[in-house]
Amino acid sequence: MKLKEYFPDSSTVVQLILLLIGALWFISRQIDVPLPAPPTADFSKLELYEEAAMYRIENTAPDIGEQIQRLKLYDYALESRIQALLDDGQFKQARTLLLELAAQAVEVDNEKQLGDILLLLGGVAIDEQEINSAELLLQEALEIAIRQNDPMSMGRSYQQLGRLNIKTRALARYAAEAYDQLWQVRNQIFLGEFRNVESNLQQVIDANVKIKRFGAAAAAQETMADYHYRFHDNYQAEQAGAEAAKLYASSGQLARSNRVIEKLAGQGMATEQLQNLNREIDDLYRQIQSDSQQMGRAKDLQMLYYYHLRNGDSRSAWQSRIEASRMLAQTSERSMFQRQAEVMAISYTSNFAMERAERYLNQAGELFSGLGAEENAVEALDMQALIY
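If you want the working numbering, it's the position in the sequence shown, counting the first as 1, plus 1134.
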C-alpha cells in the first residue's frame, strides 16, 4: 500500500524498470569491451622540431652589406665599421651609430636615407629578437616610404613586417615546445626512466637561452640539480643549482634565486662556496637594478623624443632618441629580456601574428609585381610557407 503512495501511476513504475534494465545493459557492454592498452612512453632523445623553422627564418634576412650600400653614405670606413659591428652581433652599438646618421639625414631633409636606415635597424632588430623595437622602426620606415610615394621601399617595409610576424610566431612555438619538453623530462624522471635525461634537459636549457627566456632556462637548470641529487652526485648538482640561482638573479627573480640557494645549503654545500655564490648573486642583482634604472631613463627619453617631435623640434627629438640608445647599449641582455610573458599567453597572441604576416607579405608581393621586380615578389610570396 505504501508503494502506491510513491508510485501512484503504473506507467511510472514501468518507466523506472525500463530505465534500470537499460542501465544494466549499458554497464554490461562496458565490462565486455576490453580497455585499450595504455600508451607507451617514448624516452628517446628529444628533438626540437621548431629549431629548423627558426633557422629557415634567419636565412630570409636581407643582406646587411646591400642595405648599407643602399644608404649611400659615400664613406667606406664608416660603412665597414657599421658592417663589422653588425657582423659581430654588437647591435646596440651599431644602433646608436645608425641613429646618429639618421639624425644627420633629418637635418639635411634626406627622408630616403632616413627610411633606409630605419629599415636596416628594423631588420636587424628582428634577428636580435627585439620584437617591439623592430615593429616601431619598420612602421616608421613604412610611413616615410608612403609619404615619399616610394613603392619599392614600401614593398621592402611590408616584407620585413611580414618577417617580423613570422619570427614572432616561430619564437612562440619554440618557447612552447621547450616548455613541453621540460615537462616530458620531469615526467620521465618521475617514472624512473633516466635514459637521455641529462642531454634532454641540456637541450631545453640551450633552447630557452637561445630565445632569451632566461627564467625558463633557470627552471630547467633547477630540475637538472634535483636530478643529480637523486643519484647523490653533489658536485654536478651544486654546479647546476648555482647556475639556476644566477640565472634567476640575473633575470630579476631574487626570491626564486634565494630559494635555490637555501636548497643548496640544505643539501650540504660548503660554507665558502655558498658565500662566493651569494656574492655573485648580490652583484648580479645590483647589476639588474642598475640596468632597470637605465632602461627607465631610456624610456623617459623616448617619450621626450615624441614630445619634441610633436612640437616640431626634430633636433632635440633625435638627440633624446640617440641618448636613449646609448643608455640601452650599457644594459645587459638578461635585463632587457627579464620580463617575458607566459608560454600560453605568447602562443595565443602569436595566432594573430600569422594573419598579419600573410597580409603584409601579400601587400609586398603586389607592390613588387607592380614594379616588375618579379624576383622580390617571388621571395615575398615564398616566405608565406614559413608562416604555418
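All C-beta atoms, glycine included, are put in the ideal place defined by N, C-alpha and C. In this text, all values refer to a predicted model and were calculated from it rather than measured experimentally.
Kindly indicate which three-state DSSP category LYS1346 falls into: helix, strand or coil? The residue given as residue 1346 occupies position 212 in the sequence shown. Coil at LYS1346, not helix or strand.
Expressed to the nearest angstrom, what Euclidean distance is found between the alpha-carbon atoms of TYR1361 and SER1333? As a working mapping, residue 1361 is identified with position 227 in the sequence shown. As a working mapping, residue 1333 is identified with position 199 in the sequence shown. In this structure, the straight-line span from the alpha carbon of TYR1361 to that of SER1333 is close to 12 Å.
Does the stretch 1260-1276 come close enough to the stretch 1239-1246 to have 3 or more Cβ pairs within less than 8 Å? Three or more Cβ pairs closer than 8 Å define a contact, and the stretch 1260-1276 falls short of that threshold against the stretch 1239-1246.
Counting Cβ pairs, one atom from each stretch, are 3 or more of them under 8 Å apart for the stretch 1196-1206 and the stretch 1243-1256? Enough Cβ pairs lie closer than 8 Å, so yes.
DSSP on LEU1153, reduced to helix/strand/coil? Along the sequence shown, read from residue 1 onward, the residue named residue 1153 stands at position 19. DSSP places LEU1153 within a helical segment (H, G or I) once states are collapsed to three.
Locate the alpha helix (DSSP H) running through TYR1522, then write down its first and last residues. Taking the sequence shown and counting its residues from 1, one reaches residue 1522 at position 388. From DSSP, TYR1522 is part of no alpha helix (DSSP H); its letter is neither H nor E.
Between the alpha carbons of SER1385 and GLY1349, how many angstroms are there, rounded? Stepping through the sequence shown from its first residue, residue 1385 is reached at position 251. Stepping through the sequence shown from its first residue, residue 1349 is reached at position 215. The alpha-carbon atoms of SER1385 and GLY1349 are separated by roughly 6 Å.
GLY1506 in three-state terms, based on DSSP: On the sequence shown, position 372 is the one that residue 1506 refers to. Here GLY1506 sits in coil by DSSP.
Scan the stretch 1282-1331 and note each continuous alpha helix (DSSP H) run of 4 residues or more that stays entirely inside, going in chain order. For the stretch 1282-1331, whole alpha helix (DSSP H) runs of length 4 or above, ordered along the chain, are 1285-1324.
Per-residue DSSP class, three states only, for LEU1205: By 1-based counting over the sequence shown, the position of residue 1205 is 71. Three-state result, LEU1205: coil.
Determine the closest residue to ASP1284 out of ARG1490, LEU1520, ALA1498 and GLU1508, with distance taken between C-alpha atoms. Here residue 1284 refers to the residue found at position 150 when the sequence shown is read from its first residue. The candidate whose alpha carbon is nearest that of ASP1284 is ALA1498.
Buried or exposed by the 16-neighbour rule on C-beta atoms within 10 Å, applied to ASP1209: As a position in the sequence shown, residue 1209 is number 75, starting the count at 1. With fewer than 16 other Cβ atoms within 10 Å, it is exposed.
Taking PHE1346 and GLN1263 to be in contact with their CB atoms under 8 Å, please state how far apart those CB atoms are, rounded to whole angstroms. Here residue 1346 refers to the residue found at position 212 when the sequence shown is read from its first residue. Here residue 1263 refers to the residue found at position 129 when the sequence shown is read from its first residue. According to the sequence displayed, residue 1346 carries Lys and not Phe. The beta carbons of LYS1346 and GLN1263 sit about 6 Å from each other, so the pair counts as a contact at 8 Å.
Excluding sequence positions up to five away, which residues of its chain have a Cβ less than 8 Å from the Cβ of LEU1220? Here residue 1220 is taken as the residue at index 86 of the sequence shown, counted from 1. Non-local C-beta neighbours of LEU1220 in its own chain, meaning closer than 8 Å and more than five positions away in sequence, comprise ILE1198, ALA1228 and VAL1258, ordered along the chain.
Pick from LYS1226, ALA1279 and LEU1212: whose alpha carbon is nearest that of ASN1244? For the purposes of this step, residue 1244 is taken as the residue at position 110 of the sequence shown. Looking at the Cα atoms, ALA1279 is the closest of the given residues.
Nearest-angstrom Cα separation, counted from ALA1399 out to MET1517: Numbered from its first residue, the sequence shown carries residue 1517 at position 383. Numbered from its first residue, the sequence shown carries residue 1399 at position 265. Straight-line measurement puts the Cα of ALA1399 at about 52 Å from the Cα of MET1517.
Boundaries of the alpha helix (DSSP H) in which THR1230 is found, first to last residue: Residue mapping note: residue 1230 aligns to position 96 of the sequence shown, counting from 1. 1225-1241 is the extent of the alpha helix (DSSP H) around THR1230.
From what residue to what residue does the alpha helix (DSSP H) around ALA1218 run? For this step, residue 1218 is matched to residue 84 along the sequence shown. Per DSSP, ALA1218 belongs to the alpha helix (DSSP H) from 1210-1221.
Cβ neighbours of LEU1408 in the same chain (closer than 8 Å, five flanking residues each side left out): Along the sequence shown, read from residue 1 onward, the residue named residue 1408 stands at position 274. So the qualifying residues of the chain are ILE1395, LEU1398 and ALA1399.
Look at GLN1401 and ASN1368 and say whether their C-beta atoms are less than 8 Å apart. As a first step, residue 1401 must be located in the sequence shown, where it is residue number 267. As a first step, residue 1368 must be located in the sequence shown, where it is residue number 234. Note that the C-beta distance between GLN1401 and ASN1368 is below 8 Å.
Is the stretch 1457-1464 touching the stretch 1425-1436, taking contact as three or more C-beta pairs under 8 Å? Touching, yes.
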